[in-house]
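Below: the structure, in structure tokens.
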Amino acid sequence: MYRYDEFDKAFVSARVAEFSDQVKRRISGEMTEEEFMPLRLRNGVYLQLHAYMLRVAIPYGTLSSDQMRKLSDIAISYDRGYAHFTTRQNIQFNWLGLNDIPKILSELAEVEMHAIQTSGNCIRNITSDPFAGVAADESVDPRPYAEILRQWSLLHPEFSYLPRKFKFSITASKSDRAAIQVHDIGIQIKRDLSGELGFSFYIGGGQGRTPMVAKLLCDFVPIEDLLRYVTAVMRIYNLYGRRDNKYKARIKILVHETGIKELREGIERELSSLRKEDLVLSREDIDAIFRYFRYPILDSRSSQNSNFRSLRLSNESFNRWVHQNVIPHKHIDYGIVTISLKPIGGIPGDATSKQMNIVADLAERYSCNELRVTYQQNLVLPYVALEDLYNVYNKLVDYGLATANINQISDIIACPGLDYCSLANARSIPIAQEVSKRFSTYERHMEIGDMRLNISGCINACGHHHVGHIGILGVEKKGHEYYQLTLGGDAGNSCAIGEITGPGFPADEIVNAVERVINTYVLLRKTNERFIDTYRRVGMIPFRHALYGKSGKA
Amino acid sequence: MFMKVLTANCLLTGHPLWYSSDRTWKEDMKKALAVTSSEECSYLTRIAEKAVANNEIIGALWIDVRDSNGILSALRLRERIRACGPTVV
């Protein structure tokens, strides 16, 4: 994984010193809250319902064991012994005191972490495929390119005060595991017919109150033009993006109001106005960044795989876990393990300090010191030899981390909702817990099969409800929590925004409503047909009838 | 007749605070001073402005409450969660 150079270290240390001074001045009264707020937000510090919250960046979702141990230390030393992994591959601490935050940032800097650009109208943490570098289907590891974009965007003087926040996601696989089409810019790295690498640019995707699927801006931008192209896009957005209305300030609105054709012409004009020699990404620069990623050398472990196969046959729970949570690695003797942070009835994305430590230990011992965070709020051990899976599994069982439910109905994405978030209108977590408990058995999970159920506690859609196969949006109606149901969303290659079923449901009815949707699907599906495919085939009507009957009322 | 209490957050901890009947800011909503007139509101608003200026609190605002047998509770769920903490474990 990437390691800091001297510039990175000096920069992050200077930033910690600067923010420490700002906190001191705020506490002494030299600075008002009005003056301080934009400064704390630029360092990832929010004031939530119960305390200060710190959002720490995990660039492209890659972590080392030491970094995970540090996050665990912070959770136990400064917080309440747990933390929350987010839908943008970051981590949030919920119960911090302002005085402690400079110390925390200083400790994070020791392990090459920070919270810069995790808030504010700037280019945010760049997300990527959690299986990057190990997936069998990728054209190249996308993370060095994400790192190039991170370095380019870090405190970029021209793009630090954008009309609104700006999110990049980048993948290099045919199968989109990074939800690139619901980002402001989504990039897919691919090879052309001659084998040359280049970038497909998608633009103007996003969720929130106006969900939109991104449009293809350019099918193939040559590698050397990456920074020239993103600069041209950002300049056009910075110039023409709306600043009069925060709800219309994202680039998706500019794309929608201008039209992709006209916008593309503007971007190409901007591109041609850049001097050819400016911002060209040289082969030497790319190689230098790749060298800063430590790639492990994987030994052949083929002679021992027969033991793994016999353990699968003899231990049913282990076999289920392997089937659901382990996928093939590009090295045939290894597997990619997804650790579910969705125990039945648990809080999606939360991990205790102990759990973080044990995952760090497992990564150190069995996964080349490396971990990933997924936007589905799970963790990944990317380099586990098949022969070691049984040991890893048993350790995960001991710490409540072996739930075999990846991409199933209880693998729920949920934002913190009204239990923590000052923007939320309704709670997300209790609904996630109830859904998880309702469909808790292995048999029910297998009956339902592949399913993405996502829950947001407000229209900002941090819980990705728009792209859940089943989406749940919490709203407040006359002082009560109501939940709107959407069906047919998809964050992958066939990206789609879910359609609202009809009137919302009160909190004590929403899980029943989900069950009616599931039962309708089970009744209507063809053999081995996934929920999303059945929905696409039969449409909304049968589900609407199941939910509302002929009256059309919830 | 309305009933309101004054709430804010502590600058240092970020914890929710309520202005109490002993004229201090408390972390316990049950100790909040409930007011029922606009005159009382104006008076306490000035106190809150001073507390903001003195760096004791941030983000003071009024919330609606009800009194059930001597126990105050907020009308909005958001404020009840602020007062009692997350509803989940």
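Protein sequence lines, in the order shown, are assigned to chains A and B. For the first sequence, position 172 (counting from the first letter as 1) is numbered 171 according to numbering that gives the first Met the number 0, and the numbering increases by one without interruption. For the second sequence, position 20 (counting from the first letter as 1) is numbered 19 according to numbering that gives the first Met the number 0, and the numbering increases by one without interruption. A virtual CB, placed ideally from N, CA and C, is assigned to each residue, including glycine. As the structure is a computational prediction, the values presented were derived from the model and not from experiment.
Continuous beta strand (DSSP E) stretch holding residue i: start and end
i: residue 438/A; result: Looking at the DSSP string, residue 438/A is not in any beta strand (DSSP E), and its letter there is neither H nor E.
i: residue 461/A; result: No beta strand (DSSP E) holds residue 461/A; DSSP gives it neither H nor E.
i: residue 67/A; result: Taken as a continuous stretch (DSSP letters only), residue 67/A belongs to no beta strand (DSSP E), being part of the alpha helix (DSSP H) at 64-76.
i: residue 220/A; result: 214-221
i: residue 476/A; result: 469-476
i: residue 63/B; result: 56-67
i: residue 369/A; result: 369-372
i: residue 351/A; result: 349-351
i: residue 2/B; result: First-last for residue 2/B: undefined, no H or E at that position.
i: residue 32/A; result: Looking at the DSSP string, residue 32/A is not in any beta strand (DSSP E); the run it does join, the alpha helix (DSSP H), is 32-40.
i: residue 150/A; result: No beta strand (DSSP E) holds residue 150/A; the alpha helix (DSSP H) holding it covers 142-152.
Alpha carbon of residue i to alpha carbon of residue j, nearest angstrom
i: residue 234/A; j: residue 124/A; result: 19 Å
i: residue 381/A; j: residue 266/A; result: 38 Å
i: residue 316/A; j: residue 403/A; result: 9 Å
i: residue 501/A; j: residue 437/A; result: 23 Å
i: residue 366/A; j: residue 140/A; result: 17 Å
i: residue 20/A; j: residue 55/A; result: 19 Å
i: residue 189/A; j: residue 228/A; result: 16 Å
i: residue 33/B; j: residue 57/B; result: 20 Å
i: residue 207/A; j: residue 460/A; result: 5 Å
i: residue 215/A; j: residue 14/A; result: 37 Å
i: residue 350/A; j: residue 362/A; result: 16 Å
i: residue 385/A; j: residue 325/A; result: 9 Å
i: residue 276/A; j: residue 284/A; result: 14 Å
i: residue 257/A; j: residue 493/A; result: 24 Å
i: residue 474/A; j: residue 205/A; result: 20 Å
i: residue 3/B; j: residue 269/A; result: 56 Å
i: residue 388/A; j: residue 334/A; result: 8 Å
i: residue 88/B; j: residue 418/A; result: 10 Å
i: residue 572/A; j: residue 339/A; result: It is not possible to answer for residue 572/A, since the shown part of chain A is limited to 0 through 553.
i: residue 57/A; j: residue 314/A; result: 35 Å
i: residue 85/A; j: residue 35/A; result: 25 Å
is_contact[residue i, chain B] using C-beta, thresh 9 Å
i: residue 311/A; result: no
i: residue 20/A; result: no
i: residue 98/A; result: yes
i: residue 437/A; result: no
i: residue 28/A; result: yes
i: residue 346/A; result: yes
i: residue 287/A; result: no
i: residue 25/A; result: yes
i: residue 508/A; result: no
i: residue 74/A; result: no
i: residue 475/A; result: yes
i: residue 423/A; result: yes
Residue interval of the alpha helix (DSSP H) (run including residue i)
i: residue 318/A; result: 315-324
i: residue 174/A; result: No alpha helix (DSSP H) contains residue 174/A, which DSSP labels as neither H nor E.
i: residue 530/A; result: 530-537
i: residue 40/B; result: 37-52
i: residue 544/A; result: 540-547
i: residue 268/A; result: 259-272
i: residue 188/A; result: From DSSP, residue 188/A is part of no alpha helix (DSSP H) but of the beta strand (DSSP E) over 184-190.
i: residue 101/A; result: 100-109
Nearest neighbour of residue i, chosen from the options [CA to CA]
i: residue 50/B; options: 13/B, 40/B, 18/B, 0/B; result: 18/B
i: residue 85/B; options: 344/A, 1/A, 420/A, 454/A; result: 420/A
i: residue 223/A; options: 204/A, 195/A, 203/A, 207/A; result: 195/A
i: residue 345/A; options: 332/A, 409/A, 392/A; result: 409/A
i: residue 1/A; options: 263/A, 295/A, 450/A; result: 295/A
Neighbouring residues, chain B, relative to residue i (Cβ below 7 Å)
i: residue 429/A; result: 86, 87
i: residue 426/A; result: 86
i: residue 32/A; result: 57
Beta-carbon neighbours of residue i, restricted to chain A and to distances below 7 Å
i: residue 77/B; result: 417
i: residue 12/B; result: 50, 96
Beta carbon proximity, residue i to chain A, threshold 9 Å
i: residue 65/B; result: no
i: residue 4/B; result: no
i: residue 46/B; result: no
i: residue 80/B; result: yes
i: residue 69/B; result: no
i: residue 51/B; result: yes
Interface partners of residue i on chain B, CB under 8 Å
i: residue 432/A; result: 87
Cross-chain neighbours of residue i in chain B, by beta carbon under 9 Å
i: residue 478/A; result: 74, 75, 76
i: residue 46/A; result: 8, 13, 57, 58
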